[in-house]
Each structure stands twice: as structure tokens, then as C-alpha cells.
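In what follows, a single structure is set out as C-alpha cells and then discussed.
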Amino acid sequence: MISPVGLLAYYPLDADASDAYGTFPGTPTSVSFVPGKIRGAASFNGSSSKIAVPIQSAMATNFSLAAWINFAATGTLFLNGTQSGRSRFAILSDGRLRFTEDNIADYTFTPVLAFNTWYHIVFVKNGNSGANLTLYVNGVASGSVSVGTITTPSGTAYIGANNTTTFWSGLLDDISLWSRVLTADEIAKLASGTAGIATR
1 MISPVGLLAY YPLDADASDA YGTFPGTPTS VSFVPGKIRG AASFNGSSSK
51 IAVPIQSAMA TNFSLAAWIN FAATGTLFLN GTQSGRSRFA ILSDGRLRFT
101 EDNIADYTFT PVLAFNTWYH IVFVKNGNSG ANLTLYVNGV ASGSVSVGTI
151 TTPSGTAYIG ANNTTTFWSG LLDDISLWSR VLTADEIAKL ASGTAGIATR
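Once you know that position 23 of the sequence shown is 23 in full-length UniProt numbering, the rest is easy, because the numbers rise by one and skip nothing.
This is the structure:
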């Protein structure tokens, strides 16, 4: 089991949008639940599906965002706030992942992911300088970018949408958000699908 130290929220998305850690329950809109990578998964229709989560203020200097993703088109994986300081994680039409910081700058990662395929991805932000945002794909470090300091956002956070635009099309499963840097060993265990997260 992965230690829950620094765990902010964990969304198994097996049959609903509840937070297994119990702190930030999600509110789904137009989301269905289907067989997934780990038990069930949330299915997003690409036009109106989203899950509102009240977690944005907790992600700043150090954080990790982990998820199983399976996409059919471009869309938003996670929007961290809807007002000042917001940031967004998304998939592009060419299958690359992008981080956008408050409409200031876009950072696109190199790996090209295939459509309609399951991937385990983790974004890890470590500090405020250097190449401090790293993408892991299926447990392997797959590129880093320098994003500097990320402003603490305000407004609601969303899984699967950029608030009212750029909706996710496909499946999302086992999303976890952390206020710390996950270790390479922890990331590998999550990607293997054999290690759960201790929620207490």
C-alpha cells in the first residue's frame, strides 16, 4: 500500500465521484460509470461531462497528480481553479500532454500517447526552480519542464473539463492528488496496478 502521507484526495471512480480519503467529495455532471482499468471508471462524453472538486487551494509548491487515462479526443484532464492562478492539465490532438499556467504559458511534454489506450500518468511538481514539473508515463519519467512558482488558485477545480469548455472524451480512473512529491518507487507501484492507496 502507498502511504497516505500528503494525500489530499483519492477518487477511485468505481461507481461514483466520492473521495475515498473523505475530504474533497466530487460532484459529477453528465458522468457515467463503467468497467475501467482498476474496477470501475468514469466515462466522459466530451461535451458536458465534468466532476467539480473543492481542492484547488491545497496544490502549490510541491504536488503530485496521478491518474489512469484513456482518451478519444483532445480534452482537459484536470483544471486547478477557475479564477486567478488557475492551471490546467490537458491532452492535445496529437496525443501529447500539456500543462497550462493561468493562461500565461503552455508547457507541452514530448511523449505521444495513443488514443483509446490506457496509460498511467503522474505529474510531479518539486519546488519552484529548475526543471520542476516531471511527467511519468506508465511508471517511467518521460520529461520535465521548468514552470517556476505556481500561484495558489481560486474558484472551483474540475476533473474532466476546463470549467465549461474543452471537455474530456473517454475514461478516467483512480485519480489521486497529493501535497507532496511521490517517489519513483511509489509511482511505479501505482502504475503496476497492484498497490493500493492507504486512505487512513
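Every residue gets a Cβ at the ideal spot worked out from N, C-alpha and C, and that includes glycine.
Residue i to residue j span [Cα, whole Å]
i, j, result
"residue 148", "residue 171", "31 Å"
"residue 109", "residue 145", "8 Å"
"residue 120", "residue 188", "10 Å"
"residue 157", "residue 28", "12 Å"
"residue 7", "residue 98", "23 Å"
"residue 150", "residue 80", "11 Å"
"residue 71", "residue 2", "26 Å"
Residue i - containing alpha helix (DSSP H), residue span
i, result
"residue 203", "Since the displayed the chain opens at 1 and closes at 200, residue 203 lies outside it and no answer follows."
"residue 9", "Here residue 9 belongs to no alpha helix (DSSP H); instead the beta strand (DSSP E) covers 7-11."
"residue 187", "184-192"
Counted within 10 angstroms of its Cβ, other Cβ atoms place residue i as buried (16 or more) or exposed
i, result
"residue 39", "exposed"
"residue 35", "exposed"
"residue 192", "exposed"
"residue 17", "buried"
"residue 131", "exposed"
Reference residue i; option with closest CA among the options
i, options, result
"residue 176", "6, 11, 5, 3", "11"
"residue 185", "138, 164, 159, 169", "138"
"residue 42", "169, 62, 3, 131", "169"
"residue 111", "66, 94, 37, 130", "94"
"residue 115", "134, 69, 87", "69"
"residue 33", "173, 129, 104, 128", "173"
"residue 118", "61, 190, 37, 5", "37"
Unbroken beta strand (DSSP E) run spanning residue i, endpoints
i, result
"residue 173", "169-178"
"residue 2", "Looking at the DSSP string, residue 2 is not in any beta strand (DSSP E), and its letter there is neither H nor E."
"residue 35", "32-35"
Whole-Å CB distance - residue i paired with residue j, under 8 Å assumed
i, j, result
"residue 63", "residue 154", "So it is not a contact: roughly 17 Å between Cβ atoms."
"residue 46", "residue 73", "6 Å"
"residue 122", "residue 77", "That pair is no contact at about 12 Å."
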